[in-house]
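Student: Numbering-wise, this note's numbering comes out as the position in the sequence shown, counting from 1, plus 590. Beta carbons are placed, not taken as given, at the ideal position from N, Cα and C, and that holds for glycine. Keep in mind that this is a model prediction, so the values were computed, not measured.
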Amino acid sequence: MSILDVDATIIGGGLVGTLVAKLLVRRGMRVALIEKGPAALADQLEARPNVRCSARRHDGVYNARNHVLGGNGHYWGGGLVRPRNTTLRAVLGLALSGNSTSEDLAPYFDVVEADVGLEESPRNDRVFVSDGAIKDCWLSETVVLPGRVRNLAASALEFLRGTKSCTIICDSEIMHFDQGGPRRRLGVLSRGKRIDVVCDGLFLCAGTIDTLLLVRRLGSALHSSRMHSIGANVHDHISMPIGEVTIGESRAFQEFLFPTFRGNCIVGKRLELESADDSMRGVLHFQFRFDDSPLYRQIKRILALRQQRAGSIEILWAMTKASPHIFELCRIGYVRFVNSRLHVSRNVPVIVTLDVESTCCGDNKVEFDEFGDVVMSWDVRRDDEVAFERLYERARVILLELAEKYRVQIKPLGDISTFEGRLDHLRREATDAYHLGGGLVLGEVIDDRLRLIGAENVYVISSAVFQRPGLANPTMSLMALAHRCVDDLCFELGRMPKCERRSRADQPRRGIPS
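(1) Below 6 Å CB to CB, which residues in the same chain sit around Ser840 once its five sequence neighbours on both sides are set aside?
(2) What residues match up with Ala598 in a beta bridge as DSSP calls it?
(3) According to DSSP, what are the bridge partners of Trp728?
(4) Between Ser913 and the rest of its own chain, which residues show a CB-CB distance below 7 Å, the 5 nearest in sequence each way excluded?
(5) Leaving aside the five residues before and after Thr910 along the sequence, list all residues of the same chain whose C-beta is less than 6 Å from its C-beta, in chain order.
(6) Pull up the DSSP beta-bridge partners for Phe1081, would you.
(7) My output table needs one value for Gln784: the three-state DSSP class, helix, strand or coil.
(8) Quick check on the DSSP output: the alpha helix (DSSP H) that includes Phe880 runs from which residue to which?
(9) Threshold first: 4 residues or longer. Then list the alpha helix (DSSP H) segments lying entirely within the stretch 1007-1048, N to C.
(10) On the CB-based measure, 16 or more other CB atoms within 10 Å of its CB, does Arg866 come out buried or exposed?
(11) So Leu874 packs on Lys859, CB below 8 Å; how close in whole Å?
(12) Any idea if Glu960 is buried or exposed, counting beta-carbon neighbours within 10 angstroms, 16 or more meaning buried?
(13) Is the beta carbon of Val702 closer than 8 Å to that of Ala1070?
(14) For Arg740, collect the residues of the same chain with a Cβ closer than 7 Å to its Cβ; drop the 5 residues on either side in sequence, then sort them by chain order.
(15) Counting Cβ pairs closer than 8 Å, one from the stretch 704-711 and one from the stretch 729-748, do we hit at least three?
(16) Mind the definition here: the stretch 1008-1018 touches the stretch 785-792 only if three or more C-beta pairs lie below 8 Å; say whether that holds.
(17) Below 8 Å CB to CB, which residues in the same chain sit around Ser883 once its five sequence neighbours on both sides are set aside?
(18) Compare the Cα-Cα distances from Gly603 to each of Gly660, Asn653, Pro628 and Phe1009 and report the closest residue.
(19) Using a Cβ cut-off of 8 Å (strictly closer), state whether Arg774 contacts chain C.
(20) I'd like the list of long-range same chain contacts for Gly737, defined as Cβ closer than 6 Å, with 5 residues on each side in sequence excluded.
(21) Do Asn653 and Leu605 have their CB atoms nearer than 8 Å?
(22) In its own chain, which residues sit with a C-beta less than 6 Å from the C-beta of Val925, not counting the 5 before and 5 after it?
(23) Assess contact between the stretch 1062-1076 and the stretch 609-616, defined as three or more Cβ pairs (one per stretch) separated by less than 8 Å. Is contact present?
(24) For the putative contact between Ile600 and Gly833, defined by C-beta atoms under 8 Å, what is the C-beta separation to the nearest angstrom?
(25) Let's test the definition: count the other Cβ atoms within 10 Å of the Cβ of Gly1060 and tell me whether it reaches 16, buried, or not, exposed.
(26) Tell me the rounded alpha-carbon separation between Arg984 and Leu863.
(27) Please state whether DSSP places Leu893 in a helix, a strand or coil.
(28) If I measure Cβ to Cβ from Asp715 and keep anything under 6 Å in the same chain, skipping five residues before and after, which residues do I get?
(29) If you count every other CB in all the chains shown that lies within 10 Å of the CB of Cys727, and 16 or more means buried, which is it?
(30) Between the alpha carbons of Met1050 and Ala622, how many angstroms are there, rounded?
(31) Please list, in chain order, all residues of the same chain as Thr608 whose beta carbon is under 6 Å from its beta carbon, the five residues on each side excluded.
(32) Under a three-way DSSP split, which group does Gln634 fall into?
(33) So Val805 packs on Leu1040, CB below 8 Å; how close in whole Å?
(34) Helix, strand or coil for Phe927, going by three-state DSSP, please let me know.
(35) Would you kindly work out how many angstroms separate the C-alpha atoms of Ser948 and Ser967, rounded to a whole number?
(36) Can you list, in chain order, the residues of its chain whose CB lies under 6 Å from that of Leu1026, leaving out five sequence neighbours each side?
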């Protein structure tokens, strides 16, 4: 057995965990980064323990749970969405009550944007709807990083491997956790070797399922009296296609909605919908089914290889397979560099999809059976049907106005002309959006500084801390929370004054390479 003495330990070597490790090392700390999976992507195995869905299948827990160093950074689509409301309570999915206030995380979002090289923040513009019965919506941007720099975890790992301040432990299992005194001690088994890691601060940065497993284990070691609430109220976006767009020659619609380029980033647009009382929220977006086109499918393959840092020969071989479409490739290049817009061929289907926040429901939960496997119950509940119906009506009116204004045709998918038909279509066709979150109730398991209640300096930075799905995908919010929690620990350990806050003005824009 060996002993590793560090300032902070990070469990989870994905996009968030590697970011936390990098930030801590930059502050002069010694860190241990612990990953359950192997170091090499080629050695990735099926995630354990198993997850069994007792109701509707949740695709994300099978397809987006990656035990490998770098985690979802190898597969992440690169989309960054900045929430309109950047207060801590709003980001976590809590409403402000009465005269209560909440810390604004805007400086941390600014730092994230500067770090990844965005030229400007993703925009949010109000869209006015002529129908007075329909609440106005927002046209928000999703900024997609180019494939070469999209794997932020790989970039962080390159930095960490070049320093002596970070010890990376892969193929590992947490055997025990002990907080006897001011420091934490973790027993880690890695490739048959026992390592005792001693640290001042601990960060849990795994995905939702694995974070719940870790908190359950650590909570048990801490004799937490609130173990029963771990895994309660998990949530996701309920995603359902509702129409198909025939664009024709409408250049105005293409300029309004088609993805554009800002620097080397692709900027997509979507419409955010809310009920009058903000209790029901959703996103109306237009999905370009590039996988249905052989050329675009090959282009996506090339971009994925770049993201996974494949060799030059493998990338060149993939590029040769796109050569039969040379004329279409030239047109794509022309539109990209002359018009700063993504060219979408006519044979690419454009599907209108409505994503609705799943409602907080006690029936949606994660439990653990006697064999150590995870049992997840997630389904379209009655409240979800009500939310979908109300938001669908708003979406229908908005789509009618868009079709009339831009002279495009939008054909409904399935029998959704009646209330019964829509509900039947929802029950049959709805899927999750790979945004599983929740399971850690704020005030019961974690506090508003994202620390595990009952433990000292144990932080949780995971989608499990979100109390509702929200309207932004979680990546950018998690990165901002990572910066905040690192600042918090540094203050607790006397490494920085509490008043120190970085802003966009302090961060030079690096720019994104092509």
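Tutor: Here's the rundown:
(1) In the sequence shown, residue 840 corresponds to position 250, counting from 1. Counting only Cβ-Cβ distances below 6 Å, and skipping sequence neighbours, we find Tyr996, Arg997 and Val998.
(2) As a working mapping, residue 598 is identified with position 8 in the sequence shown. DSSP output for Ala598 lists Val621 and Gly791 as bridge partner(s).
(3) Numbered from its first residue, the sequence shown carries residue 728 at position 138. Under DSSP, Trp728 forms a beta bridge with Arg716 and Glu862.
(4) Numbered from 1 along the sequence shown, position 323 holds the residue referred to as residue 913. A distance below 7 Å between beta-carbons, with the five flanking residues on each side excluded, links Ser913 to no residue of its chain.
(5) Position 320 of the sequence shown holds residue 910. Sequence-distant Cβ neighbours of Thr910 in its own chain, meaning closer than 6 Å and more than five residues away, do not exist here.
(6) Translated into positions along the sequence shown, residue 1081 becomes position 491. Phe1081 is not bridged to any residue.
(7) If you number the sequence shown from 1, residue 784 lands on position 194. Rather than Gln, the amino acid found at residue 784 in this sequence is Arg. Reduced to three states, the DSSP call for Arg784 is strand.
(8) Along the sequence shown, one-based indexing puts residue 880 at 290. Looking at the DSSP string, Phe880 is not in any alpha helix (DSSP H), and its letter there is neither H nor E.
(9) 1009-1019
(10) In the sequence shown, the residue the question calls residue 866 occupies position 276. Here residue 866 is Ala; the residue named in the question, Arg, does not match the sequence. Per the 10 Å Cβ criterion, exposed.
(11) To locate residue 874, count along the sequence shown from 1; it is residue 284. To locate residue 859, count along the sequence shown from 1; it is residue 269. With 8 Å as the limit, Leu874 and Lys859 do not qualify as a contact, their Cβ atoms being about 10 Å apart.
(12) The sequence position of residue 960 within the sequence shown is 370, counting from 1. Counting other Cβ atoms within 10 Å of its Cβ, Glu960 stays below 16 and is therefore classed as exposed.
(13) Numbered from its first residue, the sequence shown carries residue 1070 at position 480. Numbered from its first residue, the sequence shown carries residue 702 at position 112. Contact: yes.
(14) Counting from 1 along the sequence shown, the entry for residue 740 is found at position 150. Trp666, Gly668 and Gln897.
(15) yes
(16) Below 8 Å, too few C-beta pairs join the stretch 1008-1018 and the stretch 785-792 to call them touching: fewer than three.
(17) As a first step, residue 883 is located in the sequence shown; it is residue number 293 there, counting from the start. Counting only Cβ-Cβ distances below 8 Å, and skipping sequence neighbours, we find Ser935, Asn937 and Val938.
(18) The count along the sequence shown starts at 1 and reaches residue 603 at position 13. Measuring from the Cα of Gly603, the nearest candidate turns out to be Gly660.
(19) No chain C appears in the structure shown, which is made up of a single protein chain.
(20) Here the question's residue 737 lines up with position 147 in the sequence shown. The residues are Leu893, Arg896 and Gln897.
(21) The residue labelled residue 653 in the question sits at position 63 within the sequence shown. The residue labelled residue 605 in the question sits at position 15 within the sequence shown. Contact: no.
(22) To locate residue 925, count along the sequence shown from 1; it is residue 335. Cβ neighbours of Val925 beyond the five flanking positions: Arg931 and His933.
(23) yes
(24) Counted from its first residue, the sequence shown places residue 600 at position 10. Counted from its first residue, the sequence shown places residue 833 at position 243. So it is not a contact: roughly 44 Å between Cβ atoms.
(25) For the purposes of this step, residue 1060 is taken as the residue at position 470 of the sequence shown. By the 10 Å Cβ count, Gly1060 comes out buried.
(26) Locating residue 984 in the sequence shown gives position 394, counting from the first residue. Locating residue 863 in the sequence shown gives position 273, counting from the first residue. Computed Cα separation, rounded: 8 Å.
(27) Walking along the sequence shown from the start, residue 893 turns up at place 303. In the structure shown, the three-state DSSP call for Leu893 is helix.
(28) As a position in the sequence shown, residue 715 is number 125, starting the count at 1. Taken in chain order, the residues that qualify are Leu729.
(29) Numbered from 1 along the sequence shown, position 137 holds the residue referred to as residue 727. Result: buried.
(30) For the purposes of this step, residue 1050 is taken as the residue at position 460 of the sequence shown. For the purposes of this step, residue 622 is taken as the residue at position 32 of the sequence shown. It should be pointed out that residue 1050 corresponds to Val in this sequence rather than to Met. Those two C-alpha atoms are separated by around 16 Å.
(31) What you label residue 608 is simply residue 18 of the sequence shown in a count that begins at 1. So the qualifying residues of the chain are Ala743, Ala746 and Leu747.
(32) Numbered from its first residue, the sequence shown carries residue 634 at position 44. Correct three-state label for Gln634: coil.
(33) Residue mapping note: residue 805 aligns to position 215 of the sequence shown, counting from 1. Residue mapping note: residue 1040 aligns to position 450 of the sequence shown, counting from 1. Val805 to Leu1040, Cβ: 12 Å. No contact.
(34) As a working mapping, residue 927 is identified with position 337 in the sequence shown. In the three-state scheme derived from DSSP, where H, G and I count as helix and E and B as strand, Phe927 is classed as helix.
(35) Locating residue 948 in the sequence shown gives position 358, where the first residue counts as 1. Locating residue 967 in the sequence shown gives position 377, where the first residue counts as 1. Each residue's Cα considered, the two are about 13 Å apart.
(36) Here residue 1026 is taken as the residue at index 436 of the sequence shown, counted from 1. If we look at Leu1026 and ignore the five residues flanking it on each side, its Cβ neighbours are Gly650, Thr798 and Asp826.
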